[in-house]
Amino acid sequence: MMKPSKISVVFLYSSFAIVIIHFLILSIIFNKIPETVPTHYSGSNPDAFGPKNTLWLEPIISAIILLLISFYIYKLKTPNSLDSYLENSEEEAIKNRQLLLSVLELVVILIISAISFIFLLEAR
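Under our numbering, the first residue of the sequence shown is numbered 3, with each subsequent residue one higher.
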């Protein structure tokens, strides 16, 4: 098990911050949101509606994704063989995979949060 590089940790902390901000914003404006909110859009108009509690699914799913990928990043092991990889050392191979996963994690969290914030703006 190898510690992630500093840049990977920055991406991980950024992802954690976004998820926490997502929870905080939803908590602050939750009482101002109508009881029924759009849950699906077809073109520019909503075509499905649900209770406002469904808005909690996005930050919860983000948090689960964040925890699963973070756990995997910290438990990443050395590949069995470096023959088929571009890296020169085992340490470099692990660091590259940790960086890739932490960037991927941040991108996924940003996409989910952006979609959720669009729904929140439409619901108000």
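Glycine included, every Cβ here is placed at the ideal spot set by N, Cα and C.
Asked: Where does H42 land, buried or exposed, given buried means 16+ other C-beta within 10 angstroms?; Found: exposed
Asked: Would you call the region 5 to 12 and the region 95 to 114 touching, i.e. three or more CB-CB distances under 8 angstroms?; Found: yes
Asked: Could you please give me the residues that DSSP links to G52 through a beta bridge?; Found: V39
Asked: Please list, in chain order, all residues of the same chain as S104 whose beta carbon is under 7 angstroms from its beta carbon, the five residues on each side excluded.; Found: P6, S10, F13, L14 and I75
Asked: Starting from L57, trace the alpha helix (DSSP H) in both directions and tell me its first and last residue.; Found: Careful: L57 lies outside any alpha helix (DSSP H) and carries neither H nor E.
Asked: If you compare alpha carbons, which of I66, V39, L69 and D49 is closest to L57?; Found: V39
Asked: Is I30 closer than 8 angstroms to S115 when the C-beta atoms are compared?; Found: no
Asked: Which stretch, first to last residue, makes up the alpha helix (DSSP H) that contains K8?; Found: K8 to I31
Asked: With DSSP collapsed to three states, give me the class of S44.; Found: strand
Asked: Nearest by alpha-carbon distance to S118: which of S44, P61 and G45 is it?; Found: P61
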